[in-house]
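Chains as they are written, first to last, in our numbering: chain V, 178 to 329; chain S, 178 to 329; chain D, 178 to 329. From the three backbone atoms N, C-alpha and C, an ideal C-beta is built for every residue, glycine too. Accompanying notes for the structure given below.
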């Protein structure tokens with residue numbers, strides 16, 4: 178089954194790809210690796226999802242925010258690659274979580290994006306990953322994620 | 178001398194490789210690069226080493242924690258590659274240090290893993306590196322390290 | 178126009194390349210990718226630029242600090258590659274900003290390095306990028322940047 182069909186089956190609608198507002202781009206391909214910029218979470222209302230885990234955001238809300246970042250990253254890759262079936266492997270994911278000083282469960286938040294990638298890409302979606310706690314993120318977003326994919 | 182022999186000579190015992198508890202994996206190889214997940218420190222008692230530099234952990238304890246992360250990373254690479262002699266170069270290391278707001282000596286902590294890699298791999302162990310301060314890390318661990326190695 | 182000539186035209190003087198004080202190196206090349214270590218900002222006086230955005234440093238000062246990190250990274254690449262014209266693409270930039278808990282404008286700081294790379298390298302300077310907020314950085318520097326470039 179194609180990835181597009183799989184997204185449909187899962188009821189996932191891609192977003193309008195993020196547009197950088199400065200001298201950088203959302204993806205760069207070098208050889209058969211594509212590096213993405215850090216992406217933030219976008220809610221159903223099209224607005225950034227802001228909040229801090231351990232302060233004013235629950236783990237479940239953080240998980241959903243991370244999932245929305247994943248949808249945004251897939252949207253960006255669709256725009257960059259044309260066809261998502263060109264993705265051979267999700268290689269690496271780094272999840273930067275907006276974190277209170279005493280919040281300890283960053284992995285449960287970043288699972289939102291990891292689970293999505295495996296739902297969508299199957300075994301090709303299984304990635305190496307880091308999950309870490311940030312004192313703050315741009316605009317107060319709840320989580321920022323960057324990734325590397327291998328394409329054919 | 179083989180890397181296994183070198184580890185023996187140094188009296189370093191590999192750990193049981195880390196097992197992800199979610200939809201990610203400890204390593205992904207793409208071409209001749211292997212990307213690892215972020216790893217945390219494990220003490221001689223098999224438990225995670227928790228603490229924050231500048232709050233309740235000394236630089237020496239942080240250094241030893243970082244060294245134990247390095248042993249864990251080598252253990253993971255041994256499991257993934259079968260033979261550690263396949264490693265041609267440690268390319269990149271990022272050391273995320275659990276840091277009080279006024280702690281300034283993250284490099285001395287991350288030296289624990291850098292020194293280990295040069296002890297074990299010699300010139301092939303010399304890597305590009307970043308060392309940064311995190312407001313918090315998963316489970317309250319003292320340091321998290323991710324790496325990239327080149328294999329033949 | 179060669180990159181060296183372009184630097185001259187822009188009035189940019191390269192710095193003495195950073196010298197690691199531990200068991201790591203400033204760059205590692207693997208295949209046609211060069212990974213750099215995290216670099217900090219150096220002022221006209223040759224001293225590290227210290228400060229925290231949102232605490233004791235303005236966005237404009239942070240932007241200039243990030244720009245100086247970019248000049249340091251180019252200086253390191255010149256020393257590693259011999260000829261900056263070997264750079265085919267700036268692939269990835271990660272900007273770690275020393276950030277107060279309520280500082281939200283990390284991208285405006287990291288623009289200092291992004292703008293520089295596009296000024297110097299043109300379209301080849303356009304990179305994927307992440308900008309994040311750190312509770313603290315080594316020695317209290319204002320910003321730390323690591324990068325990946327593709328070389329021929």
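**Q.** Residues that residue 280/D contacts on chain V, provided the C-beta gap is smaller than 8 Å
**A.** Within 8 Å Cβ-Cβ: 313.
Q) Based on Cα-Cα distance, which residue from 217/S, 268/S, 320/S lies nearest to residue 301/S? A) Per the Cα distances, 268/S.
Q.
Taking a contact to mean a Cβ-Cβ separation below 7 Å, would you say residue 219/V touches residue 252/V in this structure?
A. Going by C-beta atoms, residue 219/V is not nearer than 7 Å to residue 252/V.
Q: Check whether the Cβ atoms of residue 221/S and residue 200/D sit closer than 7 Å, and answer yes or no.
A: Their beta carbons are not under 7 Å apart, which means residue 221/S does not touch residue 200/D by this criterion.
Q | Where the beta strand (DSSP E) through residue 271/V begins and ends | A | Start and end: 264-275.
Q) residue 324/V to residue 250/V, Cα distance in whole Å? A) Roughly 8 Å between the two C-alpha positions.
Q: State whether the segment 304-314 of chain D contacts the segment 270-287 of chain S, with contact taken as three or more CB pairs (one from each stretch) at a distance under 8 Å.
A: Touching, yes.
Q.
Going by beta-carbon coordinates alone, are residue 205/S and residue 212/S separated by less than 7 Å?
A. Yes; because the gap between Cβ atoms is below 7 Å, this pair is in contact.
Q) With burial defined as no fewer than 16 other Cβ atoms inside 10 Å of the residue's Cβ, what is the status of residue 151/V: buried or exposed? A) Here chain V comprises residues numbered 178 to 329, so residue 151/V is not present and cannot be evaluated.
**Q.** residue 269/V at chain S interface by Cβ criterion, 7 Å
**A.** Residue 269/V counts as touching chain S.
Q: Specify whether the segment 270-281 of chain D and the segment 230-244 of chain D touch according to this definition: at least 3 beta carbon pairs, one from each stretch, less than 8 Å apart.
A: Short answer: they touch.
(Q) At the level of alpha carbons, what is the spacing between residue 272/S and residue 239/S? (A) Going from the Cα of residue 272/S to the Cα of residue 239/S covers about 11 Å.
(Q) I want to see whether chain D comes within less than 7 Å of residue 245/S, judged by CB atoms only; does it? (A) False, the Cβ-Cβ gap to chain D never drops below 7 Å.
**Q.** Segment limits, alpha helix (DSSP H) that includes residue 291/D
**A.** Where residue 291/D is concerned, the enclosing alpha helix (DSSP H) stretches over 283-298.
Q | Exposure label - residue 187/V; buried when at least 16 CB within 10 Å | A | With fewer than 16 Cβ atoms within 10 Å of its Cβ, residue 187/V is classed as exposed.
Q) Taking buried to mean at least 16 other C-beta atoms within 10 Å of its own C-beta, is residue 307/D buried or exposed? A) The residue in question, residue 307/D, is buried, as its Cβ has 16 or more Cβ neighbours within 10 Å.
Q: Name the residue from 216/D, 289/D, 194/D whose alpha carbon lies nearest to the alpha carbon of residue 255/D.
A: That would be 194/D, whose Cα lies nearest to the Cα of residue 255/D.
**Q.** Distance, residue 180/D Cα to residue 262/D Cα
**A.** Each residue's Cα considered, the two are about 6 Å apart.
(Q) Counting only beta-carbon separations shorter than 7 Å, does residue 214/D have a partner in chain S? (A) Closer than 7 Å: yes.
(Q) Taking the beta carbon of residue 235/S as the centre, do at least 16 other beta carbons fall within 10 Å, making it buried, or is it exposed? (A) Flag for residue 235/S reads exposed.
Q. Considering only C-alpha positions, which residue in the set 265/S, 288/S, 197/S, 317/S is nearest to residue 298/S?
A. That would be 265/S, whose Cα lies nearest to the Cα of residue 298/S.
Q: Would you check if the distance between the CB atom of residue 330/S and the CB atom of residue 215/S is smaller than 7 Å?
A: This structure gives no information on residue 330/S, because the portion of chain S shown stretches from 178 to 329.
Q. With DSSP run on the structure shown, which of helix, strand or coil describes residue 220/S?
A. Here residue 220/S sits in coil by DSSP.
**Q.** Beta-carbon proximity list for residue 226/D, same chain, < 6 Å, skipping 5 on both sides
**A.** Counting only Cβ-Cβ distances below 6 Å, and skipping sequence neighbours, we find 218, 220, 242, 319.
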